[in-house]
Structure formats: C-alpha cells, structure tokens
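Under the working numbering, the first residue of the sequence shown carries the number 114, and numbering increases by one thereafter. Note that CB positions come from ideal geometry on N, CA and C, so glycine has one too. Notes follow the structure.
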Amino acid sequence: MKNKIIAGNWKMNNNRAQAIELINQLIPLVKDTNNTVIICVPFTDLCKAVKLTKGTNIHVGAQNCHWKESGAYTGEIAPSMLTEIGVEYVIIGHSERRSYFGETDQTVLLRTKAALAAGLKPIVCIGETLEERNSGNMESVLTRQVVEGFKDISAEELDNIIVAYEPVWAIGTGVTATDEQANDAIGFVRSVFAQKYGQEVANKLYIQYGGSMNDKNAQGLLSMPQIDGGLIGGASLVADKFSKVVNAHK
Ligand code: 13P
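This is the structure in structure tokens:
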C-alpha cells in the first residue's frame, strides 16, 4: 500500500506573521503521520517555511517556477533559486495559472522539465472545467493535458513527479467531486499514463485529488483506491483542518 501525499496550496495567502503562526501550529499536529506532508507557500514565505520546518516531517514547496536558469524574465523565479534555499517541491500548471496567466500544456512541460533538472519534485496539475465535463469532453481534455504536458518526460523522470487531478469546477467552490467521481477520473488519468509508460509505472505514480477537499470529506476521498493524496487549498490555511486531512488516512 502506498502512503498518501498531502500538500497544502496556500495560494496568495498569509502574511509573514500568519505564515509563522500556521506552521508552528501545524508541526505538532502532523508529526505522527505516515503520510507525506507538503506546504506550498508564497515565494516570500519560502525561506521562513524551510527554516521553521527543519527537522520536522513537513516539506516545503513553491507554487510555480520558470524554465530558464536566469535572464531577462521579470517577475519569474528559476528552479535553482528554489533548491538553493531548501525548497523540495513545486506546483506546476495549476488551473489558476492556466486560466489567469496563460499557462499552456507546453509551458507546463517546459517548467516541469526545468524543475526536474534542478532536483525539484513537481506537482503537476490537470483537470477539466465544468463546461468540458458537461459537454462530454472530460476524457479528451485530461488525455490532452497528459499527452501534451508530459510529452518528453521519461519514466525515470515520472518517478519524481506527483500529478494532481483538480477538476476546475471543484476548486474553491465548496463543491467537491464525489468519492466515486474523483476515483473514476483519477483511474482514467492513470490509464492514460499506463498507455504511455506501462501499467507498472502508472501504478507507482502518485495522483492526488484537489478541489474543496477538507477535514470533513478527506477520509472518504483518501480511502478510494485510485486517490493517492490531496492538494488542499482553503482548508490548508487552518492548522486544525489541514492536520485533520493529513491524519485522515492512517
Ligand atoms: P480548494 O481546496 O480551496 O478548493 O483549492 C484546491 C486547489 O486549487 C489546490 O491547489
């Protein structure tokens, strides 16, 4: 049995004092879990988060990185800038970046490749909109996101990648996919990976569910066989709620 990987995506939330308070509250609450715990914090909180979590079981991630090592890319952060301060993970291609900042499957692939080359573990997000689901295009959208977004990713590289299935209609809406909907969609995503990499590699791949996951619904979702963890937005901003998600699966 795989353990679960539970990642908090703080998005653009928490000032310095709030970040420190939340991390300090979280440390004792998650210390006994067998699951992997990650917090993906804003760039400005990364150094502090790495320092505060040193010697604990909490890992730190960023929420984006660029594909170039340096240069005239105002506002971007290179992968090596993250690894040099002790960051281990990075979210790539979140639907908010795809819809508000022009992220495409192609830029997702570039960022993922660069993150891997620098030694980061990417959490690559995919997921369909409500319109795509309702018009019967969910499978084709997910297939495209996997085929294009992982185009020249090798099986060895895939070993260091986490995939997050986040249906856009469930993000920040309070509408969670049912346990079965999430399990079925992730099962489908795994089958697309299996076609490319073989069943064994696909079975090993960690695929998280994300979208209004919280302390109340985590146990049901995490007990589904296809769901290897969660990427948590709103509920990751409250130590009590996030720790309950972390501890929901023994
Ligand atoms: P919510 O948990 O707030 O719906 O956000 C999910 C998400 O986008 C995590 O990346």
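- The C-alpha of N360 is placed about 12 angstroms away from the C-alpha of S336.
- The shortest C-alpha to C-alpha distance from M114 to any of N316, L223, D145 is the one to N316.
- The three-state secondary structure of Q332, taken from DSSP, is helix.
- Per DSSP, the continuous alpha helix (DSSP H) segment holding K226 begins and ends at 218-230.
- Rounded to the nearest whole angstrom, the C-alpha separation of G323 and M194 is 27 angstroms.
- Of the candidates N127, Y319, A352, Y319 places its Cα closest to the Cα of E270.
- By the Cβ rule, the segment 289-309 counts as touching the segment 254-271, because three or more pairs are nearer than 8 angstroms.
- Comparing alpha carbon positions, the residue from Y278, D297, L229 closest to D265 is L229.
- Here the alpha carbons of C178 and E197 stand approximately 13 angstroms from one another.
- Distance from the CA atom of A295 to the CA atom of F263, rounded to whole angstroms, is 21 angstroms.
- As computed with DSSP, H172 is found in a beta bridge with I151.
- Per DSSP, the unbroken alpha helix (DSSP H) holding K309 starts and ends at 292-310.
- Take I133, set aside five residues on each side of it, and the residues of its chain with a beta-carbon closer than 8 angstroms to its own are K161, L165, in chain order.
- When distances are taken from the beta-carbon of I119 to the heavy atoms of the ligand 13P, even the shortest one reaches 8 angstroms or more.
- Nearest in C-alpha terms to V203, of all of A268, N147, N250, I275, is I275.
- Excluding residues up to 5 positions away in sequence, A352, S356 lie with their Cβ nearer than 7 angstroms to the Cβ of L142 in the same chain.
- When DSSP states are grouped into helix, strand and coil, N247 belongs to the helix group.
- In the three-state scheme derived from DSSP, where H, G and I count as helix and E and B as strand, Y213 is classed as helix.
- Within the DSSP bridge table, the entry for C238 names A277 as partners.
- The C-alpha of S183 is placed about 31 angstroms away from the C-alpha of I345.
- Assignment of A191 by DSSP, reduced to helix, strand and coil, places it in the coil class.
- For T291, the closest of D328, E313, S267, G333 by C-alpha to C-alpha distance is G333.
- In the three-state reduction of the DSSP assignment, G121 falls in the strand class, which pools E and B.
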